[in-house]
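Enquirer: Residue 814 is where the sequence shown starts when you use my numbering, and the numbers rise one by one after that.
We treat Cβ as the ideally placed atom computed from N, Cα and C, and that holds for glycine.
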Amino acid sequence: MGHLPSRSTEEDPAGEAEPRHREPEPPGTGHGNDYDDLTGSSLTGGAPIPPPQQSDYFPESPEPPAPEVPQQGERGGAPTGGQWPPPENQDWISQQSRIGGWGDQSGSWPPPEPNLAEPPAAAAPETAPDQSYRPESYLPPEQYRSQERQPPPGAYQDQHQAPDPYLAPDPQVTAGTDPYHAESAYAPPEAVPQPRRPEQAAPQPPLPGETPAGPPTEQPPSEPPPAADEGPKKVTPPPTHKGVRYAIYGIGGFITLGLIIAIVVMLGGSPASDPSDQGDDPAEEPTGQEEPEEGALSAERYAELAGAAGTAAWFDWRYGPTGENAASEELGELSGDAVATEPLYDQGDRSVQGQMGYVTDDSALSGIDHVTAVEANDGLIGLNPRAGGRFSDEGHPELELTDGSTADCVAGLGGDLGNPVALARPDQSEEADAHSVIAFSGGIIATAGISSAQGGTCVQLPDGQVPTDVALTDGNELALVTTWQPESQTGSLIVIAFSDKAGTYNSSWSESYLGLPNPGHFGDAEIVGTVELPFSAPTSVDAWSDSSGSLSLGRATIEDEPHRDTVATTGYALVGSKAEGQAAVVDLTSTLVGLADAVYDGAEFSFDASAGDTVDFGGSEIADVAVNGETLAVATSEGVVSELDRDLTELSTTELGSAPSCMVLGAQSGQFVVTSRADATVRWVSEGEVTDELSDTRLTDPVCASETPGYDISGYTGNATMLLVSDYGGQALHSYLMGEANLAGGGSVGGEGFSYAGSYEVDGNPFATSVTVDLE
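Here it is, written out as structure tokens:
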């Protein structure tokens, strides 16, 4: 459809617009002064441009001159200027389509047309309506966007009364003319009647050759309305242009929405829904599924890891990524005449032995081996780790889990151990700590001992509980097992009370007393309570109690020798969550005291332990936790060890320079031993400082290291401190002598620093060891 050309004031090089309607000049005359600037212009290719003809419908306006318009060519021909509409008119058309000025009541309508057919003579009105071009009547884009499009008052009534200049074609219009009365660039001017503004309600001009019935009825002129104070006027676009624009807007909106949805889907999100469908506050509407908190595991990942407990996938996640060995050299090997080259077995007076956990694909293996780390007599010391105990090298796998009372207990529970996930003994106990407590992925908690304390016990966790770590209080009273529950996606701390077997040691009770301090040769186990944790995925736990038993303490029955003064009066467990980066303390005082009261006084036991407030470690993952009396330690994935008090108030921090994978309390050093898988380094941390570190090019993938307990007990004078390093990727248990080893008969081996003592090749990937002293 053609448009009505004009141009804005800004396009006039002189800065002022020409009148829209001028007195016509006789055909063939010059252009007059007002057309001199277009003579020979590029718009006409140098040809003169005739002025527009006189029209009684468009009398002279006293307003400033309107922009001149080049004349159309003959019927079917191109415009005389070579392009149509001319550039200045194209700009005017573009402006009107942007600002919706087609229906403005104050602007001139219609704009001037060249060579319009002269209508029948009629008397000119005394005062012509103001039809000058008023730039201020058109809203700038920002004003147009800020207002609704509403028609001027009375516009609908006027349009109803007047012939529709856009939709009502004249039945006498000849074929080929525009039925909507809009100008066509290829129609002769005399064949195109010009529509009037709707509010003028004027009849259409006659077609060429038609005799008009009479002069058109002119409406009395009206004074232009005073300028309104309400701001810019509202404009109403003609229906045709309005519909086109709305169609364009709609199509553009759909395209934009489609692009947004595509981008969101590619980024892994979900398309946004219409806020109008979500009530007053969409953020408060329930989604039907809770989103995991920042750092927390998704439901799928939680279930996946719980199902993988004890496998390579579990430990790869639990201990973090591997790194490069930062060692620059290989440590020197231990040597000397006092170093045994063969196992001593029963020729040794003291040995340090226990269990090693590892990941294996061999279904015939339990994933637990019995290993000996130290064996010594007066003149010799053997420090190369090996399988077996004091009487043989049979320890691959652990015999306690295939024969004896522990194996029988496991068989009574169905026999499905699953994979070992964690194992532990007390860290700094004065007791014998004869048995380690091992948590298996099948939900069985079993115990395994040493050569002098064979035969243990077991217990089954509640259905749906998957163990992730285990720790013991210092008097062997309680075992604390962290668990995941895939069905409810919650975390718990299972509290198990132990009693010992009679007659093993001088410090053994003659009867079974559940929850009292004992030397750790367990004869019975019972779950006494469950603590619901404030986080869903606990991965590490350590515990402590202030019991004061010892190997030299003679126990019998509570009636004969109650030793109530050695019973714990307080205790706690520190629990950490790797994924959630949180830690919490569980006070065990009421549990320890309540169990003792039940034994000594016959009081009814009631479990009421609960977790305290959590402490968040700034979004960092918690690699491990450990305790040393009233000092607690948390190691984070950012390579920081924080030492805290019982209220989890920070006492000091230590920068490691590498992400830790494991942290335990040194059995002899009393410092926190931190292993970093990321750089294959072991560090000792105390009171905000790294006091020592070990690195060796032999280490391939160390995930955890621990010290052996001292065996200079019960009057024995020899001793050695060994560091056992579980080389997960290297499939070996490495042993390092820390400083000197003293022999009971005099003499020593080793020296300052660390000496490499040897390794035990593992039929799998070792992740932890737990050893204790085996007496004669």
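#1: Tyr-1569 to Leu-1144, Cα distance in whole Å?
#2: Give the DSSP-derived three-state secondary structure of Val-1398 in the structure shown.
#3: So what does Asn-1331 bridge to, in DSSP terms?
#4: Measuring alpha carbon to alpha carbon, tell me which residue in Ala-1581, Thr-1585, Thr-1534 and Ser-1561 is nearest Gly-1192.
#5: With H, G and I counted as helix, E and B as strand and the rest as coil, what does DSSP make of Val-1562?
#6: Hey, quick one: how far does the alpha helix (DSSP H) through Glu-1290 stretch, first residue to last?
#7: Using the three-state DSSP reduction, which class does Leu-1110 fall into: helix, strand or coil?
#8: Pull up the CB-CB distance for Ile-1435 and Ser-1390, whole angstroms please, since I reckon it's below 8 angstroms.
#9: Quick one: what does DSSP say Phe-1580 is sitting in, helix, strand or coil?
#10: Taking DSSP as the reference, what is the three-state secondary structure of Gly-1552?
#11: For Gly-1277, which of Glu-1451, Ser-1254 and Cys-1271 has the nearest alpha-carbon?
#12: Excluding sequence positions up to five away, which residues of its chain have a Cβ less than 8 angstroms from the Cβ of Ile-1194?
#13: In chain order, what residues of the same chain have a beta carbon less than 7 angstroms from the beta carbon of Gly-1336, not counting five sequence neighbours either side?
#14: Does Ile-1340 come out as helix, strand or coil in the three-state DSSP assignment?
#15: Taking 8 angstroms as the cut-off, does the region 1197 to 1206 touch the region 1154 to 1168 (at least 3 CB pairs, one atom from each stretch)?
#16: In terms of residues, what are the limits of the beta strand (DSSP E) holding Arg-1131?
#17: With 16 other CB atoms within 10 Å as the buried threshold, where does Pro-1275 fall?
#18: Between which residues of its own chain and Phe-1418 is the CB-CB distance below 8 angstroms, once the five residues before and five after are set aside?
#19: Below 8 angstroms between beta carbons: does that hold for Gly-1120 and Asn-1232?
#20: Hey, out of Gln-1241, Ser-1141 and Ser-1320, whose CA is closest to Leu-1478's CA?
#21: Which residues bound the beta strand (DSSP E) around Ala-1252?
#22: Pick helix, strand or coil for Gln-1032, following the three-state DSSP scheme.
#23: Classify Phe-1067 as helix, strand or coil using the three-state DSSP reduction.
#24: Taking buried to mean at least 16 other C-beta atoms within 10 Å of its own C-beta, is Ala-1177 buried or exposed?
#25: Tell me, which residues are paired with Pro-1280 by DSSP?
#26: For Arg-1163 and Gly-1523, what's the separation of their Cα atoms in angstroms?
#27: With DSSP as the reference, identify every bridge partner of Glu-1142, one or two as the case may be.
#28: Assign Glu-1211 to buried or exposed, taking buried as 16 or more other Cβ atoms, counted over all protein chains shown, within 10 Å of its Cβ.
#29: Can you tell me whether DSSP reads Asp-1240 as helix, strand or coil?
#30: Could you give the residue range of the beta strand (DSSP E) that holds Ser-1218?
#31: With a threshold of 7 angstroms on Cβ separation, who are the neighbours of Ser-1265 within its own chain once the five nearest residues in sequence on each side are excluded?
#32: Can you tell me which of the three DSSP states Ala-1122 falls into?
#33: Contact criterion: CB-CB distance below 8 angstroms. Does Gly-1195 meet it with respect to chain D?
#34: Within the present structure, is the beta-carbon of Tyr-1385 separated from the nearest heavy atom of the ligand SAH by less than 7 angstroms?
#35: Am I right that Val-1165 and Thr-1521 are in contact with their C-beta atoms under 8 angstroms? What's the rounded C-beta distance?
#36: Provide the residue span of the beta strand (DSSP E) that contains Trp-1322, from first to last.
Expert: By the coordinates alone:
#1: Translated into the one-based positions of the sequence shown, residue 1569 becomes position 756. Translated into the one-based positions of the sequence shown, residue 1144 becomes position 331. Taking the straight line joining both Cα atoms gives about 6 angstroms.
#2: Your numbering for residue 1398 matches position 585 in the sequence shown. In the three-state DSSP reduction, Val-1398 falls in the strand class (E or B).
#3: The residue you call residue 1331 lines up with position 518 of the sequence shown. None; Asn-1331 has no bridge partner.
#4: Residue mapping note: residue 1192 aligns to position 379 of the sequence shown, counting from 1. Of the candidates Ala-1581, Thr-1585, Thr-1534 and Ser-1561, the one whose C-alpha sits nearest the C-alpha of Gly-1192 is Ser-1561.
#5: Stepping through the sequence shown from its first residue, residue 1562 is reached at position 749. Of the three classes helix, strand and coil, the one that applies to Val-1562 here is strand, per DSSP.
#6: Here residue 1290 is taken as the residue at index 477 of the sequence shown, counted from 1. For Glu-1290, there is no enclosing alpha helix (DSSP H), as DSSP marks it with neither H nor E.
#7: Counted from its first residue, the sequence shown places residue 1110 at position 297. If DSSP states are grouped into helix, strand and coil, Leu-1110 belongs with coil.
#8: As a first step, residue 1435 is located in the sequence shown; it is residue number 622 there, counting from the start. As a first step, residue 1390 is located in the sequence shown; it is residue number 577 there, counting from the start. Contact flag correct, Cβ pair sits at about 6 angstroms.
#9: Within the sequence shown, the letter at position 767 stands for residue 1580. Note: Phe-1580 maps to strand in three-state DSSP.
#10: By one-based count along the sequence shown, residue 1552 stands at place 739. The answer is strand: DSSP assigns Gly-1552 an E or B state.
#11: The residue given as residue 1277 occupies position 464 in the sequence shown. Considering only alpha carbons, the answer is Ser-1254.
#12: The residue labelled residue 1194 in the question sits at position 381 within the sequence shown. Excluding residues within five positions, the ones whose Cβ falls inside 8 angstroms are Ala-1151, Val-1152, Ala-1153, Val-1187, Glu-1188, Gly-1531, Ala-1533, Ala-1554, Leu-1556 and Val-1562.
#13: Here residue 1336 refers to the residue found at position 523 when the sequence shown is read from its first residue. Answer for Gly-1336: Thr-1270, Ser-1312, Asp-1313, Lys-1314 and Ser-1325, listed in chain order.
#14: Here residue 1340 refers to the residue found at position 527 of the sequence shown. In this structure, Ile-1340 counts as strand in the three-state DSSP scheme.
#15: Touching, yes, given that three or more Cβ pairs across the two stretches are closer than 8 angstroms.
#16: Position 318 of the sequence shown, counted from the start, is the residue given in the question as residue 1131. Where Arg-1131 is concerned, there is no enclosing beta strand (DSSP E), although the alpha helix (DSSP H) it sits in stretches over 1125 to 1132.
#17: On the sequence shown, position 462 is the one that residue 1275 refers to. So Pro-1275 counts as exposed.
#18: Taking the first residue of the sequence shown as position 1, residue 1418 is located at position 605. Taken in chain order, the residues that qualify are Val-1341, Gly-1407, Leu-1408, Asp-1410 and Ala-1411.
#19: What you label residue 1120 is simply residue 307 of the sequence shown in a count that begins at 1. What you label residue 1232 is simply residue 419 of the sequence shown in a count that begins at 1. No, they are not a contact pair.
#20: Locating residue 1478 in the sequence shown gives position 665, counting from the first residue. Out of Gln-1241, Ser-1141 and Ser-1320, Gln-1241 has the C-alpha closest to the C-alpha of Leu-1478.
#21: Taking the first residue of the sequence shown as 1, we reach residue 1252 at position 439. Looking at the DSSP string, the run of the beta strand (DSSP E) that includes Ala-1252 is 1249 to 1253.
#22: In the sequence shown, residue 1032 corresponds to position 219, counting from 1. At Gln-1032 the pLDDT is 49, less than 50, meaning the model places this residue with poor confidence; the figure from the coordinates comes in the next sentence. Reduced to three states, the DSSP call for Gln-1032 is coil.
#23: Counting from one through the sequence shown, the residue named residue 1067 turns up at place 254. It is helical.
#24: Position 364 of the sequence shown holds residue 1177. So Ala-1177 counts as exposed.
#25: Along the sequence shown, one-based indexing puts residue 1280 at 467. For Pro-1280, which the question treats as bridged, DSSP gives the partners Thr-1296.
#26: Position 350 of the sequence shown, counting from 1, holds the residue named residue 1163. Position 710 of the sequence shown, counting from 1, holds the residue named residue 1523. Put simply, the backbone Cα of Arg-1163 is about 10 angstroms away from that of Gly-1523.
#27: Position 329 of the sequence shown, counting from 1, holds the residue named residue 1142. Within the DSSP bridge table, the entry for Glu-1142 names no partner.
#28: Stepping through the sequence shown from its first residue, residue 1211 is reached at position 398. Looking at its Cβ environment, which holds 16 or more other Cβ atoms inside 10 Å, Glu-1211 is buried.
#29: Position 427 of the sequence shown, counted from the first residue, corresponds to residue 1240. Coil, per DSSP.
#30: In the sequence shown, counting from the first residue as 1, residue 1218 sits at position 405. Per DSSP, Ser-1218 is not a residue of any beta strand (DSSP E); the alpha helix (DSSP H) it occupies stretches across 1218 to 1225.
#31: Here residue 1265 refers to the residue found at position 452 when the sequence shown is read from its first residue. These residues qualify, in order along the chain: Asp-1587 and Leu-1588.
#32: Position 309 of the sequence shown holds residue 1122. Ala-1122 falls in the coil class under three-state DSSP.
#33: The chain inventory of the structure shown lacks chain D, comprising one protein chain alone.
#34: Within the structure as shown, the ligand SAH is missing, as the structure has no ligands at all.
#35: Your numbering for residue 1165 matches position 352 in the sequence shown. Your numbering for residue 1521 matches position 708 in the sequence shown. About 5 angstroms; that satisfies the 8 angstroms criterion.
#36: By one-based count along the sequence shown, residue 1322 stands at place 509. Boundaries for Trp-1322: no beta strand (DSSP E) harbours it, and the DSSP string shows neither H nor E there.
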